[in-house]
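Note sheet for the following structure.
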Amino acid sequence: MTDLAIETAGLVKVFGEMRAVDGVDLQIPAGGVYGVLGPNGAGKTTTIRMLATLLEPDGGTATVLGHDVVREAAEVRSRVALTGQFASLDEDLTGMENLLLLSRLYGYSRAAAKARATELLAAFDLGDAANKQVKAYSGGMRRRIDIAGSIVVRPDLMFLDEPTTGLDPRSRNQVWEIVRALVGAGTTILLTTQYLEEADQLADRIAVIDHGKVIAEGTSGQLKASVGSGAVKVRVADPADRSEVARLLGESLGAEPVLESDPASVSLRVSDPTAVAGALQRVGDHGLVISEYSLGQPSLDEVFLALTGRPAEETQEKEVPA
Amino acid sequence: MSTGEVVTPKPAPGAGMDQRIIAALGSGERPPRASAVNSSLTFGWRALLKIKHVPEQLFDVTMFPIMFTLMFTYVFGGAVSGSPKEYLQYALPGILVQTIIFITMYTAMTINQDIEKGVFDRIRSLPVWRPSLLVGALLGDTLRYLMASTIVLVVGVLIGYRAPGGFVGVIGAVGLLLIFCFSLSWLWLILGLKVRTPNAVMGMAMMILFPLTFVSSVFAPPETMPGWLQSFVDVNPVTLLVEAARGLMNDSPDGGDILFVLGASAVLVVVFAPIALRMYNRKS
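Chains as they are written, first to last, in UniProt numbering: chain E, 1 to 322; chain Z, 1 to 284.
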């Protein structure tokens, strides 16, 4: 399938002095999950809001499912759904009432709306909470009812804006399962997240956004490969041995050892993973004890650090109120 | 924190959820687009549901009118008109107008809360006739105005108010008031769309409403005020609304006043509705 679900060229949005989105070019294929990754305030939400026709771009063009987001906004709206931190349900109403409301707005008759709402509540394990106000829902239930509200009419494309921010691990796994189910049923999903693990787990392709610009794009594997093939992490039994171990490993692997904040850990980027076994053996031969080691692909955290020169998690700028 | 409850084992939440979700998605045929009338009525229904779930919001609608009516009648009545009873005859139509006009600001509060909570974005991403959210909200508000009007009138009658204009006159006055308030609500929508937080909306609305309602003929005859103030009172639309309502309720309807109120309402809608709709469509 070479169809594009979303295509943008030079998309720009300016709030006052600040260029929140500063020339974003995206080609998002139909089917699967496309991840937009970036720290708070990077311009992810603003980009989504433009694609969902909630905000008019100040420059550039965007087509969603073949329709221009400005000139054919109504066409776009009838085929997409928006869920996320900023597109929510009425928390004073019950789950049932919210879904009835949305079903009626989508054009269902009274009876059909009732049937549809009941079906969705059951599918999302919310049957028991149907008559509770949404404000009494837990974080995970809240996210499920939000997503249920977005598939009242099956959308061809769904925008999921930071769907797991603030969720506990179990609820997060449930949301991931739902996302996979939606993709399995043929819906394209554009997902924004600030969690690298989430993009890694779900997204087929990822765009990394920072300061309103796309700074990297590709599959998770491609992004990682752009940093190096992998990293070895070693933890020594006695922190006093660390500098000696670091020196030996650095020599054997021809790489710069990085002393981690954990006083017993050292990591090195390796270009040839097969050399690692020999290097560890050599450390043992010197009578130094290694308690743990791991060899893996670089995490997206490292990718982010390599791309932006700062770690993803530490950039807690405030999201632009949009 | 043991409560001693017996916990019945349940299947793990989410078990088989993906299959059920795929099934629920698969059956989603596309219904015909909702008509403008239907979507507006659906939003009106939402306003009713909110009254049902948050009855506290009716507190202002019910307590303010009772408080205002009793307070003004017994505190100012003797001083202004010689006796509370006579003052009530003069002031009740004005109190009615003032109460309802104050309630109109909740239009701004409601829309502002929707924006803050993200409901607004969700709704705007739906394929519905876009103004229906606003029209539906105004329909719900009209119901609120009607409830508050009833309360003021009932309290008034209980403490001795009698309308010479009779039932027809009172209905006419309330009808005129609802038309004016519906039109004024478009101005509140603009405020609600523009201002950042519900609290700020409240503050700004008070700044507009206090002078507009108090510096009018609601509580005292303008003849008793200094000349410079009278000139404002005379052009204040609230004065003319009060005079028109008073005329209808006192069985001396003044066609000129009524026409002015209808005209002012039309102007409010013509000027502010397009601005509100434009802001609503482009809200960032």
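Quick reminder that beta carbons are idealized off the backbone N, C-alpha and C, glycines included. These figures come from a predicted structure and were not determined experimentally.
Excluding sequence positions up to five away, which residues of its chain have a Cβ less than 6 Å from the Cβ of Gly-140 (chain Z)?
Only Gly-44 and Ala-47 meet the Cβ criterion.
Which residue from Z:Ser-231, Z:Val-201 and Z:Ile-171 puts its Cα closest to that of Leu-248 (chain Z)?
Per the Cα distances, Z:Ile-171.
Give a yes or no on whether 7 Å exceeds the smallest Cβ distance from Arg-124 (chain Z) to chain E.
Arg-124 (chain Z) counts as touching chain E.
Can you grab the Cα-Cα spacing for the pair Arg-49 (chain E) / Ile-151 (chain Z), in whole Å?
Rounded to the nearest angstrom, the two C-alpha atoms are 44 Å apart.
In the DSSP assignment, find the alpha helix (DSSP H) that holds Phe-72 (chain Z) and state where it starts and stops.
Residues 57 to 81.
Give the residues of chain Z in contact with Ile-189 (chain E), contact being defined as C-beta atoms less than 8 Å apart.
Those do not exist, as Ile-189 (chain E) stays about 12 Å from chain Z at its closest Cβ, beyond 8 Å.
Is Asp-161 (chain E) helix, strand or coil when you go by DSSP?
Here Asp-161 (chain E) sits in strand by DSSP.
According to DSSP, which residues form a beta bridge with Ile-6 (chain E)?
Answer is E:Ile-28 and E:Val-64, bridged to Ile-6 (chain E).
Looking at the C-beta of Lys-318 (chain E), does it have a partner C-beta in chain Z at a distance below 7 Å?
Residue placement at Lys-318 (chain E) is poorly supported in this model, since its pLDDT is 42, which falls under 50; the coordinates are not used for a value here.
Can you list, in chain order, the residues of its chain whose CB lies under 6 Å from that of Ala-231 (chain E), leaving out five sequence neighbours each side?
Only Ser-267, Arg-269 and Pro-298 meet the Cβ criterion.
Cα-Cα, which of Z:Gly-263, Z:Leu-70 and Z:Asn-112 is closest to Asn-199 (chain Z)?
With distances taken between Cα atoms, Asn-199 (chain Z) lies closest to Z:Asn-112.
Looking at C-alpha atoms only, which residue of E:Leu-93, E:Leu-100, E:Gly-10 and E:Val-24 is the closest neighbour of Tyr-137 (chain E)?
The shortest C-alpha separation from Tyr-137 (chain E) is found at E:Leu-93.
In whole angstroms, give me the CA-to-CA distance for Met-147 (chain Z) and Val-154 (chain Z).
Distance between the alpha carbons of Met-147 (chain Z) and Val-154 (chain Z) is about 11 Å.
To be precise: take each residue of the region 48 to 81 of chain Z, compare its Cβ to all Cβ atoms of chain E, and keep it if any distance is under 8 Å. Which residues remain?
Answer set for the region 48 to 81 of chain Z: Leu-49, Lys-50, His-53 and Val-54.
Can we say the region 157 to 177 of chain E touches the region 94 to 104 of chain E, given the rule of at least three CB pairs closer than 8 Å?
Judged by Cβ distances under 8 Å, the region 157 to 177 of chain E makes no contact with the region 94 to 104 of chain E, as fewer than three pairs qualify.
Would you kindly work out how many angstroms separate the C-alpha atoms of Pro-57 (chain E) and Leu-202 (chain E), rounded to a whole number?
Roughly 28 Å separates the two Cα atoms.
Is Thr-193 (chain E) helix, strand or coil when you go by DSSP?
Strand at Thr-193 (chain E).
Cβ of Leu-120 (chain E) less than 7 Å from any chain Z Cβ?
Closer than 7 Å: yes.
Between the Cα of Ile-206 (chain E) and those of E:Leu-11, E:Phe-15 and E:Asp-25, spot the shortest distance and give me the residue it belongs to.
Among E:Leu-11, E:Phe-15 and E:Asp-25, the Cα nearest to that of Ile-206 (chain E) belongs to E:Asp-25.
Looking only at its own chain, which residues have a Cβ that is under 7 Å from the Cβ of Ala-30 (chain E), when we skip the five neighbours before and after it?
These residues qualify, in order along the chain: Met-1, Asp-3, Leu-4, Ala-5 and Thr-188.
Mapping the DSSP letters down to three states, classify Asp-121 (chain Z) as helix, strand or coil.
Helix, per DSSP.
When the Cα of Ser-78 (chain E) is compared with those of Z:Phe-68, Z:Leu-178 and Z:Arg-30, which residue comes out closest?
Nearest of Z:Phe-68, Z:Leu-178 and Z:Arg-30 to Ser-78 (chain E), Cα basis: Z:Arg-30.
Three or more beta-carbon pairs under 8 Å between the region 66 to 77 of chain Z and the region 203 to 215 of chain Z, yes or no?
No contact exists between the region 66 to 77 of chain Z and the region 203 to 215 of chain Z.
For Phe-182 (chain Z), which residues does DSSP report across the bridge?
Answer by DSSP bridge pairing: none, since Phe-182 (chain Z) is not bridged.
Please report the distance separating the alpha-carbon of Thr-8 (chain Z) from that of Phe-59 (chain Z).
Caution applies to Thr-8 (chain Z), whose pLDDT of 46 falls short of 50 and renders its modelled position unreliable; the model cannot decide the point.
At the level of alpha carbons, what is the spacing between Phe-304 (chain E) and Ser-265 (chain E)?
Rounded to the nearest angstrom, the two C-alpha atoms are 21 Å apart.
Rounded to whole angstroms, what's the CA-CA distance from Val-14 (chain E) to Arg-247 (chain E)? Just pull it up for me.
C-alpha separation (whole angstroms): 50 Å.
In chain E, which residues lie less than 8 Å from Lys-117 (chain Z) when you measure between Cβ atoms?
The contacting residues are Ser-88, Asp-90 and Glu-91.
Start and end of the alpha helix (DSSP H) containing Ser-243 (chain E)?
Taken as a continuous stretch (DSSP letters only), the alpha helix (DSSP H) holding Ser-243 (chain E) covers 242 to 253.
Determine which residues share a DSSP beta bridge with Tyr-293 (chain E) and list them.
Answer by DSSP bridge pairing, in chain order: E:Val-234.
Ser-40 (chain Z) and Gly-136 (chain Z) look like a contact to me (Cβ under 8 Å); what is the Cβ gap, rounded to whole Å?
That pair is a contact at about 5 Å.
Can you give the Cα-Cα distance for Gln-19 (chain Z) and Ala-130 (chain E), rounded to whole angstroms?
Distance between the alpha carbons of Gln-19 (chain Z) and Ala-130 (chain E): 20 Å.
Could you check what DSSP says for Thr-47 (chain E) in three-state terms: helix, strand or coil?
Residue state, collapsed to three classes: helix.
May I ask you to verify whether the region 90 to 109 of chain Z touches the region 183 to 190 of chain Z, counting CB pairs closer than 8 Å and requiring at least 3?
Cβ pair count under 8 Å is three or more, so yes.
Scan the region 107 to 173 of chain E and note each continuous alpha helix (DSSP H) run of 4 residues or more that stays entirely inside, going in chain order.
Listed in chain order, the complete alpha helix (DSSP H) runs (minimum 4 residues) inside the region 107 to 173 of chain E are 110 to 123 and 139 to 150.
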